[in-house]
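Here the structure comes first, spelled out in structure tokens, and everything after it is commentary.
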Amino acid sequence: MPVRRLHKPGGEPFGDDFPPQVPLFDGALRLSVNAFAIDDGEDITLIDTGSSNAWHPTMGFLPQALGEARIDVDRIRTIAFTHTHLDHIHGLVLADGRDGFPRLSRLFVPRAELDMFRSGARLSRFHDRAEPLDPGQQLSANIEAVAAPGHEVGHTGFRVTSGGETLLVWGDIVHVPSLQFERPEVAWEFDADQDQARETRLRILALAANNAWCVAGAHLDSPGVGRISRGETGFRFEPL
Ligand SMILES: [Zn+2]
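Position in the sequence shown (first residue = 1) + 268 = this note's numbering.
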């Protein structure tokens with residue numbers, strides 16, 4: 269990712285003042301891309317699916333990652349998207365054109381992004397299978413959709429509760445973990461509404477810190493899951 273993708277409040281990109289704590293690789297930002305599988309003992313719900321072969325050649329390794337985690341794809345019956353950007357939805361179809369999830373029975377797409385989801389040709393066979401998803405909707409007894417708009421118009425998180433603990437699968441609240449926990453006011457070029465995304469990021473970081481929730485982020489570096497606390501400035505992320 270070119271470094272110009274980071275914007276200060278007001279939409280201005282960084283220049284010579286580029287924050288030194290952000291690691292660059294050959295002068296570019298590195299973006300991790302994660303999907304999260306929630307196993308309730310019977311079925312597995314998958315939140316997002318990565319990009320398959322629709323974006324960068326270093327992405328699209330979800331089938332291998334599921335194998336490493338010993339997750340049988342045939343147990344994945346429900347998929348829900350945090351939003352419909354290409355690095356989240358295209359894993360529905362494998363690089364060779366086959367379905368990534370042969371036993372899929374429910375496919376949830378945030379209602380405000382159904383048209384966006386149905387606009388691309390690569391996933392055309394899924395267009396009619398998509399069910400609208402609204403904030404507050406329960407995907408199962410333990411998984412509830414939570415509104416988190418800004419990065420995209422229907423951007424949605426998923427609150428997972430189990431054994432008295434809460435995990436928020438928050439999609440694209442943070443793209444650059446080395447910077448945006450400490451400085452949550454910094455925005456990302458691909459935020460559809462940077463002001464709203466900033467407001468949502470601040471609200472959700474505070475919610476997670478105040479309630480000791482675990483969070484799981486699509487673009488947090490491995491392992492992609494951790495806890496939030498308040499720092500001297502902004503917030504801090506502790507990976508699990
Ligand atoms: Zn993303």
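Even glycine gets a Cβ: it sits at the ideal position worked out from N, Cα and C.
- Using a Cβ distance threshold of 8 Å, residue 399 and residue 427 do not count as a contacting pair.
- Listed in chain order, the non-local C-beta contacts of residue 312 below 6 Å within the same chain comprise 305, 343 and 344, local neighbours out to five positions each way being set aside.
- Distances from the CB of residue 461 to the heavy atoms of ligand 1 are all 7 Å or more.
- Look at the beta carbons and you see the stretch 446-460 touching the stretch 495-508: at least three pairs across the two are nearer than 8 Å.
- Judged by pairs of C-beta atoms under 8 Å, the stretch 402-413 does not touch the stretch 355-370, as fewer than three such pairs exist.
- Shown here for residue 302: same chain residues with a beta carbon closer than 6 Å to its own, the five before and five after excluded, namely 486 and 492 in chain order.
- Counting only runs of 3 or more residues that sit fully inside the stretch 341-387, the beta strand (DSSP E) segments are 344-348 and 374-378, in chain order.
- For residue 409, the shortest separation between its Cβ and any heavy atom of ligand 1 does not lie below 7 Å.
- Going by DSSP, residue 489 is part of no alpha helix (DSSP H) at all; its letter is neither H nor E.
- With respect to the C-alpha of residue 310, the residue from 397, 417 and 346 having the closest C-alpha is 346.
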